[in-house]
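Undergrad: Got a structure here, written out as structure tokens. Questions coming.
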Amino acid sequence: MSAAPEPGIAPPPPFRNEPPLELRRAPVRAGLAAALEQLDRRLPIEVPLLLGGDRAGADRAELHSTDPGEPDRLVARAPIATVADVRDAVAAAAQAGRTWSRVDAGLCAGILRSAAAWMRQHRLELAALALRECAKPWPEADADVCEAIDFLEYYARGAVALSEPRHLHQVPGERNEMRYVARGVCAVISPWNFPIAIATGMTAAALATGNAVVLKPAEQSPGCAAMIAQALAAGGLPDGVLSVLPGAGEVGAALVRDPGVQTIAFTGSQQVGLDIVAAAAQLAPGQTHIKRVVAELGGKNCVIVAADADLDEAVPAIVASAFVYAGQKCSAAARVLAHEAIADALLARLAGAVSVLAVGQAADLATQVPPLIEAAAQDRLRSSGEQAEREGRVVAVAGPVPDRGWFAAPTLVADLPAGSELLSRELFGPLLTVERVPSVEHACDLIDALPFALTGGLFARDPGTVRYVRDHTPVGNLYVNRTITGAIVGRQPFGGNRLSGNGTKAGGPDYLLQFVEPRVLTENTMRHGLAI
Amino acid sequence: MENGADPADPLEREIARTGRELAAAFPPPLRNPVRSADARAMELAAGDAELKAALFRFVDVAPACRSLDDLARHLTGFLDEVQDAPGPVAAARRIGGSRAGRAALGAAAAGGVRHMAHRFIVGETLEDASGTLKRLWEHGAACTVDLLGEATVTSDEADAYAARCDQTLAGLARIASRWPGRDVLERDSLGPLPRANVSVKVSALTPLLRPDAPERGREDAVRRLRPLLVRAKELGAHVHIDMESLDSREAVLGVVLELLSEPDFRDGPSAGLVVQAYLRDSGQMLEQVLEFARSGARTPPLCVRLVKGAYWDHELVLARQHGWSAPVYEDKAECDRNFEALTRRLLDARPAVRVAVASHNLRSVAHAIAYNRAAGGEDRDLELQVLRGLGDELQEALARHGHRVRTYCPIGNLVAGMAYLVRRLLENTSNDSFLHARASGVALDELLAAP
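Listed in order, the protein sequences are those of chains A and B.
Quick note on this note's numbering: the first sequence kicks off at 1 and runs consecutively.
Quick note on this note's numbering: the second sequence kicks off at 1 and runs consecutively.
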């Protein structure tokens, strides 16, 4: 037996993914409705503006999040941060970060893992909140919570490993050491589509590596952000290390421009991402760092179906990739490139499969396609649908679609002309296009011509085809013979290339490097002719 | 001995005696002096995981290939991934290097896959299969016909499958009416047994099955199964609802129990369902089924087919990927013991149910026969089932000894049958399988020992 580990910094067990709820078992499903009822009684959630260690916000303007499926239902109320709040929060974070960055990595990891444990205890409550605030159906909401737990556990371990000095070349009389240290204040600007997982992931990565964080959650999901802050506080995160500033784009813009911010972790739309990259490149008075941007942007994700594909597997996987969570995932399938030998059969079967999709409220387990996040998204998809009718052929539409709520009917479109902008613009909704291609090589050329490179899919059984597509498509995550959504921490490090992102891989072994700066110490150990 | 079974125990003695008697009645193994190429390939594959993977992937894609060249290209593509290839594999790779060689290799491989498929699939259509089904009957084996098909992902496909089932029920009833009388196959102590027997898959009757939400798929499947039960009742045929992976079990059980509770079906048709003994909670499911069978007082009684289960790899992989505890026994002996426990439970539950024990494990089959006799049951009140192509020898031995045996006979084309074929090949090459153990020369006493 080895000596008992010191309390608080016992090495954690090896990482394993948090198991999703086994919803195929009736007793597991039976607990869901009660969790939702319990949450509903607590609504609306009063979201605090966390500024340094204080709860502020009494006299600010408010923003409201509502249930996308039942827009009259108020889910959360949050004070909108002002420009002064942003300045104060960054200053407070810089202050708190000086202490936090010196805390032992093992202790930081312990805090993150305690936060993960808190989330495990509040799993159904968290999932219910994601369901209400962002219309995530139960399996998706549960996966969102699991992913958040995974990020906390994975980055906690990764940061401990990263805190060990790196091995360098050594010669007599000289000691060389490279360490990674926190960069400084990290601004986290998170999206609503994975309201718990992505906000937690970016925040956890920054915290684990010793950075203080100012989190600006999406204005559609402040309630989820409040619960993340609650989890971290319960895990023992010292006051002031995390600030939470609810608000819309102006708050994020002010945060990005603040001279005290050193790292910006952003997941969201391409336009906002590029604006952030541009703003971060502007040197503000008082700024002492070159800001680093971690950007996870959109995609126009294609699935190639080769002539030897098993359509029995391809059809359900494509439908799930395109329509689960109403297509509101950056990884979702948007275009199918079908080899002409199987294109007709595939289109017919896809049409049949799309037309029986169940559109409905997120709380209903039978629902496959929930409402979109907001009215503007509904309008956008409606006009895209009309455009598809004008330019191509609408092959299938699922229905009926509820009148109330921001629903959009799942739509399958074929025969669009090659130049149609529906084939290049990210729609972020339940519209899937199918194109006929003469060869896999041609399909790869079409993908290579896109400015996006996030996810891609391939259905093929010839190992040569798999190798060819791997070598000829630039996507960050290529999935073969499966769905193209649902990346899992530690198993599918996730992120895109080209204009889909700057190549960082969330949930991967080198993600934490974005949040640290390397420092090298070289010491002369020769004294009086003696190498010590 | 793990379960405390004593070889001197009278039941154990009877199991050993029955097992040896059946083994002696197996047809001689080498009727074909020239072993077919696919049989040799399966033997090679059973000993080499990489080669097995390559072969399975090839069999899986074969029907989707568009030419002999395409076939050969796939085959060599898969074989290229095998390290330390045995001689015949290296030869195949070399041949695949030229166009003419590929054509030859493709033709040989296509022949191999066809040969393999014909072993397990009795015909493309019922008409093709009718000769084989009649011969089986004449040799003392009844059948249940299973319609292979592509996965159902649309409502049209579900309708088409239901229509095929309907035609098959009618066609089989017509064909079977011309078969000669075989008392052992058409009557037990509870009454007559239908000659026409069709196994139906709920997953093919609806595109809406989802593990997280069984109700919607269940309603849709009920809608299509109801007319089939009406038709079976008119024809005096039997409908057996197959069980598939755990993902659909709740829906499948729901469909069967709901429909058979309807007043129209209180007095027919003859119907049945399946319990999979590899599931850790199969005992609970069986109790639920028995409670239903006792409360409903249907005539004829529900037939329960006890199987080990054909989705073992699938269940285990799915559970591992999700971090769930495995729903299936991972230890073969544990699974075999459960199979025997459920066999006894079922046999004791008669006459509320009819019992069909479906296994190729000689020990499991001998146990069922011996326990039935020890419990005072008649042989004709125990049905034994085998799969076409895997249990042919056991079928012959059972028939020779006057047991009622029913052979599961898939019908369909090669494309549609591929998923079925791959499952059967998995079973045939699994190191845990009884068939593999027997083929590799494990002593009979060992095979018949209590698990």
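From the three backbone atoms N, C-alpha and C, an ideal C-beta is built for every residue, glycine too.
Kindly indicate which three-state DSSP category T455 of chain A falls into: helix, strand or coil?
TA: Correct three-state label for T455 of chain A: strand.
Undergrad: Between F26 of chain B and chain A, is the shortest Cβ-Cβ distance under 8 Å, so that the two count as touching?
TA: Judged by the 8 Å Cβ criterion, F26 of chain B is not in contact with chain A.
Undergrad: Quick one: what's got a C-beta closer than 7 Å to E250 of chain B's C-beta in the same chain, skipping five residues either side?
TA: Answer for E250 of chain B: P214, listed in chain order.
Undergrad: Contact criterion: CB-CB distance below 8 Å. Does V422 of chain B meet it with respect to chain A?
TA: No, V422 of chain B lies away from the interface with chain A (no Cβ there is under 8 Å from its Cβ).
Undergrad: Helix, strand or coil for I228 of chain A? Go by DSSP, reduced to three states.
TA: Of the three classes helix, strand and coil, the one that applies to I228 of chain A here is helix, per DSSP.
Undergrad: Under a CB-based cut-off of 8 Å, is L193 of chain B close to chain A?
TA: Not one chain A Cβ lies under 8 Å of L193 of chain B.
Undergrad: The alpha helix (DSSP H) that contains Q95 of chain A, what's its start and end?
TA: From DSSP, the alpha helix (DSSP H) with Q95 of chain A extends over 83-100.
Undergrad: Can you name, in chain order, every residue of its own chain whose Cβ lies under 7 Å from the Cβ of M227 of chain A, other than the five neighbours on each side?
TA: Result list for M227 of chain A: L126, L129, in chain order.
Undergrad: Kindly list, in the order they appear in chain A, the residues whose Cβ is closer than 7 Å to that of W324 of chain B.
TA: Within 7 Å Cβ-Cβ: P19, E22.
Undergrad: DSSP puts S65 of chain A in a beta bridge; with which residues?
TA: Beta-bridge pairing links S65 of chain A to A:A76.
Undergrad: Could you check where the alpha helix (DSSP H) with Y278 of chain B kicks off and where it finishes?
TA: Counting along the chain, Y278 of chain B falls outside any alpha helix (DSSP H), and DSSP gives it neither H nor E.
Undergrad: CA-CA distance, D84 of chain B and D48 of chain B?
TA: Distance between the alpha carbons of D84 of chain B and D48 of chain B: 10 Å.
Undergrad: Report buried or exposed for G545 of chain A, applying the criterion of at least 16 other Cβ atoms within 10 angstroms of its Cβ.
TA: Only positions 1 to 532 of chain A appear in the structure, and residue 545 of chain A is not among them; the question remains open.
Undergrad: Figure out for me which residue from B:Q321, B:V405, B:L447 has the closest Cα to the Cα of A19 of chain A.
TA: According to the sequence as given, residue 19 of chain A is Pro; it is not Ala. Comparing Cα positions, the closest option is B:Q321.
Undergrad: Can you have a look at L279 of chain B and say buried or exposed, based on whether 16 or more other CB atoms are within 10 angstroms of its CB?
TA: Per the 10 Å Cβ criterion, buried.
Undergrad: Would A237 of chain B be called buried (16 or more neighbouring beta carbons within 10 Å of its own) or exposed?
TA: Buried, since its Cβ has 16 or more Cβ neighbours within 10 Å.
Undergrad: Taking C-beta pairs closer than 7 Å, name the residues in chain A that H403 of chain B reaches, listed in chain order.
TA: Within 7 Å Cβ-Cβ: nothing; H403 of chain B doesn't reach chain A, min ~37 Å.
Undergrad: Sort A:D364, A:V354, A:V319, A:L311 by Cα distance to A343 of chain A and report the nearest one.
TA: Checked all of A:D364, A:V354, A:V319, A:L311; the closest Cα to A343 of chain A is A:L311.
Undergrad: Compute the distance between the beta-carbons of L454 of chain A and G392 of chain A, then report whether it is under 8 Å.
TA: No, the pair does not count as a contact, with Cβ atoms beyond the cut-off.
Undergrad: Under 8 Å, Cβ to Cβ, is there at least one residue of chain E near D331 of chain B?
TA: Within the model displayed, chain E is absent; protein chains A and B are what it includes.
Undergrad: For H74 of chain B, return the contacting residues in chain A, with the cut-off set at a CB-CB distance below 8 Å.
TA: Per Cβ cutoff of 8 Å: D308, R461, D462.
Undergrad: With burial defined as no fewer than 16 other Cβ atoms inside 10 Å of the residue's Cβ, what is the status of T465 of chain A: buried or exposed?
TA: By the 10 Å Cβ count, T465 of chain A comes out buried.
Undergrad: Check the Cβ of L253 of chain B against every Cβ in chain A and list those closer than 8 Å, keeping chain order.
TA: Within 8 Å Cβ-Cβ: nothing; L253 of chain B doesn't reach chain A, min ~11 Å.
Undergrad: Return the chain-ordered list of same chain residues with a C-beta closer than 7 Å to the C-beta of D6 of chain B, the five sequence neighbours on each side being excluded.
TA: Cβ neighbours of D6 of chain B beyond the five flanking positions: E12.
Undergrad: Less than 8 Å between CB atoms is the rule here; does T483 of chain A satisfy it with respect to chain B?
TA: T483 of chain A does not count as touching chain B.
Undergrad: Does DSSP put V61 of chain B in a helix, in a strand, or in coil?
TA: DSSP places V61 of chain B in helix when its eight states are reduced to three.
Undergrad: Which of helix, strand or coil does DSSP assign to E340 of chain A?
TA: Coil.
Undergrad: Name the chain A residues whose beta carbon is nearer than 7 Å to that of V61 of chain B?
TA: Simply D308, R461.
Undergrad: Hey, N481 of chain A and E313 of chain A: beta-carbon distance below 8 Å or not?
TA: Contact flag set, yes.
Undergrad: Which residues in the same chain have their Cβ closer than 8 Å to the Cβ of L126 of chain B, if we skip the five residues on either side of it in sequence?
TA: Excluding residues within five positions, the ones whose Cβ falls inside 8 Å are V145, Q167, T168, G171, L172, I175, I411.
Undergrad: Taking one C-beta from the segment 330-339 of chain B and one from the segment 26-46 of chain A each time, how about it: are there three or more such pairs within less than 8 Å?
TA: In short, these stretches do not touch, since the Cβ pair count stays below three.
Undergrad: Along chain B, which residues have their Cβ under 7 Å away from the Cβ of L365 of chain A?
TA: The answer, in chain order, is D212, A213.
Undergrad: For E435 of chain A, is the classification buried or exposed, using 16 other Cβ atoms within 10 angstroms of its Cβ as the cut-off for buried?
TA: Classification of E435 of chain A: buried, given that the 10 Å Cβ count is 16 or more.
Undergrad: Taking the alpha helix (DSSP H) that L68 of chain B falls in, what are its first and last residues?
TA: Looking at the DSSP string, the run of the alpha helix (DSSP H) that includes L68 of chain B is 68-79.
Undergrad: Contact check, G140 of chain B vs V405 of chain B under 8 Å by CB: the rounded distance?
TA: 7 Å between Cβ atoms; contact.
Undergrad: With DSSP as the reference, identify every bridge partner of C455 of chain B, one or two as the case may be.
TA: Outside the displayed span of chain B (1 to 451) sits residue 455 of chain B, for which this structure offers no information.
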